[in-house]
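So the sequences go chain by chain: E and W. If you count by the UniProt record's numbering, then the first sequence holds residues 1 to 191, one letter each, in order. If you count by the UniProt record's numbering, then the second sequence holds residues 1 to 191, one letter each, in order. Ideal Cβ positions, reconstructed from N, Cα and C, are used throughout, including at glycine. Below: one structure, written as structure tokens.
Number of protein chains: 2
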Amino acid sequence: MKYCPACGQSVELRTPADDTRPRYICTACGIIHYQNPRMVIGSIPEWEDKILLCRRAIEPRYGLWTLPGGFMENGESTGAAAIRETLEEACARIEIIDLYSMYSLPYIDQVHMLFRARLLDLEFAPGQESLEVKLFAESEIPWAELAFRPVRYSLEHYFSERKKGTFSLHVDELGPPDYPPDSKLNNINTH
Amino acid sequence: MKYCPACGQSVELRTPADDTRPRYICTACGIIHYQNPRMVIGSIPEWEDKILLCRRAIEPRYGLWTLPGGFMENGESTGAAAIRETLEEACARIEIIDLYSMYSLPYIDQVHMLFRARLLDLEFAPGQESLEVKLFAESEIPWAELAFRPVRYSLEHYFSERKKGTFSLHVDELGPPDYPPDSKLNNINTH
Ligand SMILES: [Zn+2]
Ligand SMILES: [Zn+2]
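Below is the structure:
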């Protein structure tokens, strides 16, 4: 941020008197412009013993498989975001079961959430951001071609817990991945 | 938003070609400025059969009681945000147990999360934004003087479930409260 979104004058980065962190503050109107993490929300759509994956038609991670998901929008709930993203990316209708995982990625200021969900019919199809949408049994999951770590870890927990017949919430934090951080391969930047 | 934070020229509100919602787009540099919901994160600090509440020293809801919490910051995890806010508002050290509730408030573009937590010692004290910090047994909770609905609902679930000896995650959505929406009484706007 270089200019004030409210008045168009330049901002400076400094710590307000009653605060502990530097903020962007307008040199003209004095407004403090806070910046906060964003939520990336998706679903694990279930149909019998299979789950629905999408193959990405966009960067980053073009051509790799992922669960349907994307940035939560203003004016919606977390569950509504999961339902909308599943409709947009997989043209698929779901019913939310429960929150299944929440991964904080503090190095990119994101929190990724995945909801377990029931797929309501088989009329799915690739949305604009998907090359292909397909149901996978556990033995068919393309583990080596999954796009994002929160998706891979959530699916690992999911199949492991399904065998035991009980699902529990997974809350965890991920540091930067092994590939170069500036490649942004880990950053879902679709809307 | 009236001006582009990147170049300082004016923005217009229109729907990009590949999008379904109006966005702020710079008329000069063309950057699309997305706006997303923010997370408000807090804790339910437990000590024996009591939990720790703070009496607010700031608006909104000055003088009313709440659980320690506030806006999640860039560069931290959800759990770290709960720990930091508890230290700032109650000068209290906690250890996270688990995510206990997540309330979406789509009418103010917020998601409120509360974590169950163990209070680690009794050296708590009012932080800058609190008038008073105190441990309450269930029978002592000031139900009529609680500041925010996610706090009240979470505490109701908490005490009800504690009797049964089992805690489960609560995910829900809240519409605008009965008091006038422009009063922003429901909006935790502290940092
Ligand atoms: Zn300004
Ligand atoms: Zn611009």
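Cut-off 7 Å between Cβ atoms - residues of its own chain near E:Arg14, not counting five sequence neighbours on either side: So the qualifying residues of the chain are Pro22, Ile25.
Strictly under 8 Å for the Cβ-Cβ distance: is W:Cys54 near chain E by that measure? It does not; no Cβ of chain E falls within 8 Å.
By DSSP's criteria, W:Met39 is part of a beta bridge. Which residues make up the other side? According to the DSSP secondary-structure assignment, W:Met39 is paired through a beta bridge with W:Val111.
Ordered along the chain, which non-local residues of its own chain (more than five positions away) have a Cβ less than 6 Å from that of W:Glu173? Excluding residues within five positions, the ones whose Cβ falls inside 6 Å are Ser104.
Since I believe E:Glu89 is in contact with E:Cys54 (beta carbons under 8 Å), could you give me their beta-carbon distance rounded to a whole number of angstroms? Sure, about 5 Å apart at Cβ, within 8 Å.
Return no unless some Cβ of chain E is closer than 8 Å to the Cβ of W:Cys4. So, interface residue.
Beta-carbon separation (whole angstroms), E:Val11 vs E:Met102, contact threshold 8 Å: About 32 Å separates the two Cβ atoms, so there is no contact after all.
Beta-carbon proximity check, E:Pro5 vs W:Met113, cutoff 8 Å: Against a cut-off of 8 Å, the Cβ pair of W:Met113 and E:Pro5 comes out as no contact.
At the level of alpha carbons, what is the spacing between E:Ser130 and E:Gly63? A direct Cα-to-Cα measurement between E:Ser130 and E:Gly63 gives close to 9 Å.
So which residues of chain E does residue 201 of chain W contact, with C-beta pairs closer than 9 Å? Nothing in the structure corresponds to residue 201 of chain W, since chain W is present only between 1 and 191.
Once the 5 residues before and after E:Val151 are set aside, which same chain residues still bring their CB inside 6 Å of it? So the qualifying residues of the chain are Thr66, Leu67.
W:Arg21 versus chain E: which residues are under 8 Å apart at the beta carbon? What W:Arg21 touches in chain E: Glu73.
When the Cα of W:Arg93 is compared with those of W:Ala81, W:Val40, W:Glu161, which residue comes out closest? When each option's Cα is compared against that of W:Arg93, the closest is W:Ala81.
Give the secondary structure of W:Phe71 by DSSP, where H, G and I count as helix, E and B as strand, and everything else as coil. Secondary structure at W:Phe71: strand, using DSSP grouped into helix, strand and coil.
Can you tell me whether E:Tyr3 is buried or exposed? The criterion is at least 16 other CB atoms within 10 Å of its CB, across all chains shown. By the 10 Å Cβ count, E:Tyr3 comes out buried.
Using the beta-carbon count (16 or more within 10 Å), is E:Gln35 buried or exposed? With fewer than 16 Cβ atoms within 10 Å of its Cβ, E:Gln35 is classed as exposed.
List the residues of chain E that W:Asp18 touches, going by C-beta distances under 8 Å, in chain order. Under the 8 Å cutoff, chain E gives Gln128.
Please list, in chain order, the residues of the segment 62-95 of chain E that have any C-beta partner in chain W closer than 9 Å. With the criterion set as a beta carbon lying under 9 Å from some beta carbon of chain W, the members of the segment 62-95 of chain E are Phe71, Met72, Glu73, Asn74, Gly75, Glu76, Ser77, Thr78, Gly79, Ala80, Ala81, Glu88, in sequence order.
Minimum Cβ-Cβ distance from E:Pro142 to chain W less than 8 Å: For E:Pro142, the answer is no, since every Cβ of chain W falls outside 8 Å of its Cβ.
Mind checking who E:Met102 pairs with in its DSSP beta bridge? Partner(s): E:Met113, E:Val171.
Around ligand 2, what residues have a beta-carbon under 6 Å from a heavy atom of it, in chain order? Counting every residue whose Cβ lies closer than 6 Å to a heavy atom of ligand 2, we get W:Cys4, W:Ala6, W:Cys7, W:Gln9, W:Cys26, W:Ala28, W:Cys29, W:Ile31.
Could you tell me which residues DSSP puts in a beta bridge with W:Ile58? Partner(s): none; W:Ile58 has no beta bridge.
Across which residues does DSSP place W:Arg149 in a beta bridge pair? DSSP, once it has assigned bridges, lists no residue as partnering W:Arg149.
Residues that E:His157 bridges to, as DSSP identifies them: According to DSSP, E:His157 bridges with nothing at all.
Alpha-carbon to alpha-carbon, W:Gly79 and E:Pro176: Rounded to whole angstroms, the gap between the alpha carbons of E:Pro176 and W:Gly79 is 18 Å.
Reduced DSSP secondary structure (H/G/I, E/B, other) of W:Ile44: Here W:Ile44 sits in strand by DSSP.
Quick one: what does DSSP say E:Gln128 is sitting in, helix, strand or coil? DSSP places E:Gln128 in coil when its eight states are reduced to three.
Quick one: what does DSSP say E:Arg84 is sitting in, helix, strand or coil? In this structure, E:Arg84 counts as helix in the three-state DSSP scheme.
So, using beta-carbon positions, are W:Asp18 and E:Asn74 closer together than 8 Å? No, the Cβ-Cβ distance between W:Asp18 and E:Asn74 is not below 8 Å.
Could you tell me whether any Cβ in chain W is nearer than 8 Å to the Cβ of E:Ser104? Yes, because at least one Cβ of chain W sits closer than 8 Å to the Cβ of E:Ser104.
Going by beta-carbon coordinates alone, are E:Ala137 and E:Asp49 separated by less than 8 Å? In this structure, E:Asp49 lies closer than 8 Å to E:Ala137 by Cβ.
E:Arg23 (DSSP reduced to helix, strand or coil): Correct three-state label for E:Arg23: strand.
How about E:Cys91 and E:Ala125: are their beta carbons less than 8 Å apart? Their beta carbons are under 8 Å apart, which means E:Cys91 touches E:Ala125 by this criterion.
Report yes or no: is there a C-beta of chain W within less than 8 Å of the C-beta of E:Val171? Output row for E:Val171: interface = yes.
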